[in-house]
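Read the structure below first, then the notes.
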Amino acid sequence: MPRTNIIFDFGGVLLDWDPRYLYRDYFHDDAKMEKFLAEICTGEWNAQMDAGKPFAEGVKELSAKYPEWSKEIELYHTGWEKMLHGQLDDGVALLKKVVADPRFTAYGLTNWSAETFHFAFNKYRFLDDFEGIVVSGEEKMKKPDKRIYYTLLERYHLKAKDCIFIDDNQANVDMANDRGIYGILWRHNPDEVWAEIESLQVPDPEEDEANSSEQ
62 MPRTNIIFDF GGVLLDWDPR YLYRDYFHDD AKMEKFLAEI CTGEWNAQMD AGKPFAEGVK
122 ELSAKYPEWS KEIELYHTGW EKMLHGQLDD GVALLKKVVA DPRFTAYGLT NWSAETFHFA
182 FNKYRFLDDF EGIVVSGEEK MKKPDKRIYY TLLERYHLKA KDCIFIDDNQ ANVDMANDRG
242 IYGILWRHNP DEVWAEIESL QVPDPEEDEA NSSEQ
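The opening position of the sequence shown corresponds to residue 62 in the working numbering, with each subsequent residue numbered one higher.
Structure representation (structure tokens):
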């Protein structure tokens, strides 16, 4: 059975987001910046907001733990828009190719805070190309939680066997595969990914035979 629903991750695939775009100009010291991001405003802490925690709550909790860094922690929220550097042309080109092909429908599944997603959605018009988008912060769960994959499938009446999922995180790809969605690890290789998508459009002979026998 052809897999015609193409699900895209956003950060790292379509959009270039990195807190270093904000903090490099703030610290003017890469070593200090890296230490701050590794020990204070970590990826694990940011993931709490992706999973639905309000930024105000996350900032308050972390500032109480590290009061000497309270100004820098607050900046993570107030300066967030500067972390969003721009679109990733190779991923956007693949999305445009998918959208232009009448065989395919594009969906989005992203780990993103509900409070900051509007910065991307209002700025990057290619996000209008999606038939539907599930944002982790709005659902209060994030990839690779299996429930968020089911949320996407159920909300848009999709079947896992008809879907392909493209993400730059191996754990997220693995969970998609576990759910019956065909996962592809994104390595900024649009031609290879397109070829893999094309290879999955071959009809399943056994399914076609079963359908014929029912008619």
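We treat Cβ as the ideally placed atom computed from N, Cα and C, and that holds for glycine. Being a predicted model, the structure only gives us computed values, none of them experimental.
Classify Lys204: buried if its beta carbon has 16 or more other beta carbons within 10 angstroms, exposed otherwise. Position 143 of the sequence shown holds residue 204. It is buried - the Cβ of Lys204 has at least 16 other Cβ atoms within 10 Å.
Taking buried to mean at least 16 other C-beta atoms within 10 Å of its own C-beta, is Ala167 buried or exposed? By one-based count along the sequence shown, residue 167 stands at place 106. Buried is the call here.
Count the other C-beta atoms from every protein chain shown that fall within 10 angstroms of the C-beta of Asn172, then say buried if there are 16 or more, exposed otherwise. Translated into the one-based positions of the sequence shown, residue 172 becomes position 111. With at least 16 other beta carbons inside 10 angstroms of its own, Asn172 counts as buried.
So for Gln262, helix, strand or coil by DSSP? For the purposes of this step, residue 262 is identified with residue 201 of the sequence shown, where counting begins at 1. Gln262: coil per DSSP, three-state reduction.
Is the segment 245 to 264 close to the segment 216 to 227, with three or more CB pairs under 8 Å? Yes, they touch.
Nonlocal neighbours in the same chain, by C-beta distance under 6 Å from Gly72, ignoring five residues either side: For the purposes of this step, residue 72 is taken as the residue at position 11 of the sequence shown. Within the same chain, Gly72 has close Cβ partners Trp78.
What would DSSP say about Tyr211, mapped onto helix, strand or coil? Position 150 of the sequence shown holds residue 211. If DSSP states are grouped into helix, strand and coil, Tyr211 belongs with the helices.
Considering just the uninterrupted stretch of the alpha helix (DSSP H) at Tyr82, what are its terminal residues? Here the question's residue 82 lines up with position 21 in the sequence shown. Looking at the DSSP string, the run of the alpha helix (DSSP H) that includes Tyr82 is 81 to 88.
Considering only residues of the same chain and omitting the five flanking positions on each side of Asp151, which have a CB-CB separation below 6 Å? Working through the sequence shown from its first residue, we reach residue 151 at position 90. Cβ neighbours of Asp151 beyond the five flanking positions: His249, Pro251.
Trp141 versus Gly241: straight-line alpha-carbon distance, rounded: Reading the sequence shown from its first residue, position 80 is the one you call residue 141. Reading the sequence shown from its first residue, position 180 is the one you call residue 241. Rounded to the nearest angstrom, the two C-alpha atoms are 35 Å apart.
Can you confirm whether the segment 156 to 170 touches the segment 207 to 220 when touching is taken to mean that 3 or more C-beta pairs between the two stretches lie within less than 8 Å? Under the 8 Å Cβ criterion, the segment 207 to 220 counts as touching the segment 156 to 170, having at least three qualifying pairs.
Ala99 - DSSP class collapsed to helix/strand/coil: For the purposes of this step, residue 99 is taken as the residue at position 38 of the sequence shown. Here Ala99 sits in helix by DSSP.
When the Cα of Ser174 is compared with those of Lys114, Asp90, Trp247, Ile101, which residue comes out closest? The residue labelled residue 174 in the question sits at position 113 within the sequence shown. Distance check between Ser174 and each of Lys114, Asp90, Trp247, Ile101 places Lys114 closest, using alpha-carbon atoms only.
Do the segment 80 to 98 and the segment 121 to 141 make contact, defined as three or more Cβ pairs closer than 8 Å? Contact between the segment 80 to 98 and the segment 121 to 141 is present: three or more C-beta pairs spanning the two stretches fall below 8 Å.
What does Leu246 pair with, by DSSP beta-bridge criteria? Locating residue 246 in the sequence shown gives position 185, where the first residue counts as 1. Paired residues: Asp228.
Would you list the residues sitting across from Gly72 in a DSSP beta bridge? As a working mapping, residue 72 is identified with position 11 in the sequence shown. Residue pairing by DSSP puts Gly72 in a beta bridge opposite Leu76.
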